[in-house]
Amino acid sequence: EAQVTQNPRYLITVTGKKLTVTCSQNMNHEYMSWYRQDPGLGLRQIYYSMNVEVTDKGDVPEGYKVSRKEKRNFPLILESPSPNQTSLYFCASSATPFSGANVLTFGAGSRLTVL
Amino acid sequence: AQKVTQAQTEISVVEKEDVTLDCVYETRDTTYYLFWYKQPPSGELVFLIRRNSFDEQNEISGRYSWNFQKSTSSFNFTITASQVVDSAVYFCALSPPPSQGGSEKLVFGKGTKLTVNP
Numbered sequence: 014e015a016q017v018t019q020n021p022r023y024l025i026t027v028t029g030k031k032l033t034v035t036c037s038q039n040m041n042h043e044y045m046s047w048y049r050q051d052p053g054l055g056l057r058q059i060y061y062s063m064n065v066e067v068t069d070k071g072d073v074p075e076g077y078k079v080s081r082k083e084k085r086n087f088p089l090i091l092e093s094p095s096p097n098q099t100s101l102y103f104c105a106s107s108a109t110p111f112s113g114a115n116v117l118t119f120g121a122g123s124r125l126t127v128l
Numbered sequence: 085a086q087k088v089t090q091a092q093t094e095i096s097v098v099e100k101e102d103v104t105l106d107c108v109y110e111t112r113d114t115t116y117y118l119f120w121y122k123q124p125p126s127g128e129l130v131f132l133i134r135r136n137s138f139d140e141q142n143e144i145s146g147r148y149s150w151n152f153q154k155s156t157s158s159f160n161f162t163i164t165a166s167q168v169v170d171s172a173v174y175f176c177a178l179s180p181p182p183s184q185g186g187s188e189k190l191v192f193g194k195g196t197k198l199t200v201n202p
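Top to bottom, those sequences are chains G and H.
Okay, so the first sequence: first residue is 14 according to our numbering, each after it adds one.
Okay, so the second sequence: first residue is 85 according to our numbering, each after it adds one.
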């Protein structure tokens, strides 16, 4: 089944404890992206990647890192999580560099709580 | 800059009522795409529809219909004869035109929470 898989789906952690949210897609998609969803703010892009080794900042990149060493994987790294990073995170991918002509496929979401 | 406004934060209806979710967008681009996504209580994002800026035909899919009007920069979503299973948060989104071979993101509205009561 074609899908975007995120792990973990739920995580409670403490301030300052490094964590990684993994994202993997099995559709050979070039474009991948991370969004966070917060009440009253909708979804905002954190980082995106047009292809392997090509990443760039979205609207809210502070406190996050990403890497794209393989086409299928796009992990989101929180080096020193803080409570304001408590959120619902979505990974997404599309076949070619996203142009709106493609449809973004979203993962199921990862709910992160930072205490 | 692109912007999507969903003025209705929450809507509550009784089953079988029709309901319209409003979406107003702002863009200076002549080429763009508009989307609607559904987020049920389980949390995943479900793609509903994509519309490009050159296609103003309304679309109907079962109980769902979409009204795209460039003159008012609106892309409204109507659910006819609503059902409890329609209860979800609905997001309208805008894709800017591609740059450097690809567009960077979807610009989302803040969402409208629809509750359909039995």
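Note that beta-carbon positions come from the ideal geometry of N, C-alpha and C, so glycine has one too.
Bear in mind that the values here come from a model prediction, so they are computed numbers and not experimental data.
Query                                                                                                                                             : Result
Give me the Cβ distance between TYR48/G and LEU56/G, rounded to the nearest whole Å; I'm assuming they're in contact under 8 Å.                   : 4 Å
Under the three-state reduction of DSSP, which class applies to THR156/H: helix, strand or coil?                                                  : helix
Along the stretch 49-64 of chain G, what residues have a CB closer than 7 Å to any CB found in chain H?                                           : GLY53, LEU54, GLY55, LEU56, GLN58, TYR61, MET63
Give me the residue from VAL168/H, ASP113/H, VAL173/H, ALA177/H with the minimum Cα distance to LYS100/H.                                         : VAL168/H
How should ALA172/H be labelled, buried or exposed, when 16 other C-beta atoms within 10 angstroms of its C-beta is the threshold for buried?     : buried
Report the neighbours of VAL13/G on chain H: residues whose CB is nearer than 9 Å to its CB, in chain order.                                      : In the structure as shown, chain G starts at 14 and stops at 128, and residue 13/G therefore has no counterpart that could be examined.
Grouping DSSP H, G and I as helix and E and B as strand, with all else coil, what is VAL169/H?                                                    : helix
Return helix, strand or coil for ASN86/G, following the three-state DSSP convention.                                                              : strand
Below 8 Å on the Cβ atoms is my guess for GLN92/H versus THR196/H; work out the distance and round it to an integer in Å.                         : 5 Å
Measuring only the C-alpha atoms, how far is THR104/H from TYR174/H?                                                                              : 11 Å
Mapping the DSSP letters down to three states, classify THR93/H as helix, strand or coil.                                                         : coil
Assuming the contact rule is C-beta atoms closer than 8 Å, TYR102/G and LEU125/G should be a hit. Round their C-beta distance to whole Å, please. : 6 Å
Anything in chain G within Cβ reach of LYS100/H, meaning under 9 Å, just list it in chain order.                                                  : Ordered by position in chain G, no residue passes the 9 Å Cβ test against LYS100/H, which lies about 29 Å from the chain.
Along the chain, where does the beta strand (DSSP E) containing PHE119/H start, and where does it finish?                                         : 117-123
When DSSP labels each residue in this structure, what does GLN58/G get in the three-state scheme?                                                 : strand
Could you tell me which of PRO125/H, PRO180/H, LEU198/H, ASP139/H sits nearest to THR162/H, measuring between CA atoms?                           : LEU198/H
Count the other CB atoms within 10 Å of the CB of ASN115/G; is the residue buried (16 or more) or exposed (fewer)?                                : buried
Look up GLN16/G in the DSSP assignment and say whether it is helix, strand or coil.                                                               : coil
How about GLN86/H and LYS194/H: are their beta carbons less than 7 Å apart?                                                                       : no
Shortest alpha-carbon distance to GLY146/H belongs to which of ALA165/H, PHE138/H, GLN153/H, SER158/H?                                            : ALA165/H
Measuring only between beta-carbons, confirm whether ALA108/G sits less than 7 Å from chain H.                                                    : no
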